[in-house]
Ligand code: SF4
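Residue numbers (this note's numbering): 4 to 337.
Spelled out as C-alpha cells, the structure:
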C-alpha cells in the first residue's frame with residue numbers, strides 16, 4: 004500500500020487530504036448515475052425489476068436528495084453505488100460514473116463512495132476499539148506515527164461532539180448508543196473523507212435526532228469536500244440541504260428537479276403526496292405498460308394506462324405524468 008506523505012496541519016484542522024485535492028482535474032459531475040436498472044430473475048422466465056432507468060447527477064460539493072416511500076428503491080440505489088454489495092443474483096445495467104470513471108472498473112473498496120447505512124454498527128468492527136478503528140483509517144492513508152494518528156482521532160471525536168472523547172477512543176462500538184454511533188461514523192468521515200457520501204435515513208431515531216444527525220453529517224460532508232446523497236421518506240428532513248431532489252416511486256424516477264421548484268410546485272401526484280406527508284393507498288401497478296402510479300392516483304384518467312409517461316412542461320421540466328402541466332398540485336398533497 005502506497006502511503007501519502009504525513010499530513011501537515013492546516014487552518015482547516017487536521018490537514019488530511021480532501022476529495023477535491025490531488026488528482027481531481029475532472030470538471031464534470033462528481034457522480035453520474037445513468038439509466039441504472041437492477042433486475043432479478045423471477046424464476047418463471049421473466050425478470051423482477053425493482054429499479055429501472057434511474058438517472059441523476061451530483062456536482063462536487065453539492066447535495067442531492069432522493070425521496071420516496073418505503074420500498075421505492077432508495078436503499079437499492081445506494082447499494083448499487085457499491086455494486087459488490089448487491090446480491091449475487093442481481094443484474095445491474097446502466098452506468099455509474101465517479102469523476103467520469105465507471106465504478107465497475109475500480110477494485111472493491113476503492114470507489115471513493117461511502118454509504119452510511121441505516122444501522123451504523125454495520126460499518127464498525129465490533130472487536131476493535133473506536134480509537135483503533137480511527138487510527139487504522141488514518142494510517143491506511145498516511146505515513147504517520149501512532150501518536151499523531153491518535154491525536155488526530157481525538158480531535159475528530161471532539162469535532163463531532165462526542166463527550167469525553169479521550170475515554171471514547173478506548174471504547175468499543177457496543178459501548179455507544181443511538182446517535183453516538185453515528186457521531187463515531189462522522190468522526191471517521193472527517194479523517195477519511197469519501198468523494199461521495201451517501202446517507203440513508205437512520206433507523207430507530209425520533210425526528211429531532213434524525214434532523215440533528217442529518218445536519219451534522221451534511222455539514223461534515225460540505226466541510227471535507229464530499230458530494231452528498233441523502234435518502235429519506237421525509238422531504239422535510241433533507242430538503243434544506245439539497246440543491247436537487249429526485250422523487251422515486253416503484254423503482255422509477257417520477258421527477259428530478261431543483262429542490263425549491265419541487266417543493267413549491269410538485270409536478271407528480273406522488274411527489275405531492277410525499278410532501279403532504281400523506282400515505283398513498285393501493286398497490287403499485289405491475290410494471291407492464293403505462294403509469295405505475297395509476298392504481299393509486301386520484302387524478303388518473305383514461306389514457307394513463309397507455310405507454311410510460313414522460314411529459315416536459317413549457318418550462319422544460321420533465322415528469323412521469325401524462326397530466327403534468329395541467330394539474331394544480333400543491334406541497335400539502337393534492
Ligand atoms: S399519468 Fe395519470 S395516473 Fe399517472 S400520475 Fe399522472 S394522472 Fe396519475
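Built from N, CA and C at the ideal position, the CB exists for glycine as well.
Given the structure is predicted, the values throughout are model-derived calculations rather than measurements.
On a CA-only basis, which of the options is nearest residue i? Give me that one, please.
i	options	result
residue 100	136, 122, 88, 62	62
residue 205	197, 195, 188, 193	188
residue 263	248, 255, 271	248
residue 305	134, 325, 231, 313	325
residue 181	162, 237, 199, 215	215
residue 42	55, 33, 35, 36	55
residue 235	158, 179, 217	217
residue 80	280, 255, 265, 300	255
residue 33	313, 166, 104, 298	104
residue 160	76, 200, 193	193
Three-state secondary structure (DSSP) at residue i?
i	result
residue 165	coil
residue 193	helix
residue 147	coil
residue 41	strand
residue 255	strand
residue 123	helix
residue 36	strand
residue 102	coil
residue 90	coil
residue 209	coil
residue 228	coil
residue 139	helix
residue 245	coil
residue 53	strand
residue 187	helix
Drop a sphere of 10 angstroms on the beta-carbon of residue i, count the other beta-carbons inside from all chains shown, and report buried for 16 or more, exposed for fewer.
i	result
residue 322	buried
residue 195	buried
residue 203	buried
residue 259	buried
residue 88	exposed
residue 186	buried
residue 78	buried
residue 102	buried
residue 229	buried
Rounded C-beta distance between residue i and residue j? I'm assuming under 8 Å.
i	j	result
residue 327	residue 270	5 Å
residue 39	residue 83	6 Å
residue 67	residue 246	7 Å
residue 71	residue 252	6 Å
residue 302	residue 330	6 Å
Subject >> beta strand (DSSP E) segments (min. 3 residues) lying fully within the region 251 to 336 >> reply: Note on the region 251 to 336: whole beta strand (DSSP E) runs with a minimum of 3 residues are 255 to 261, in chain order.
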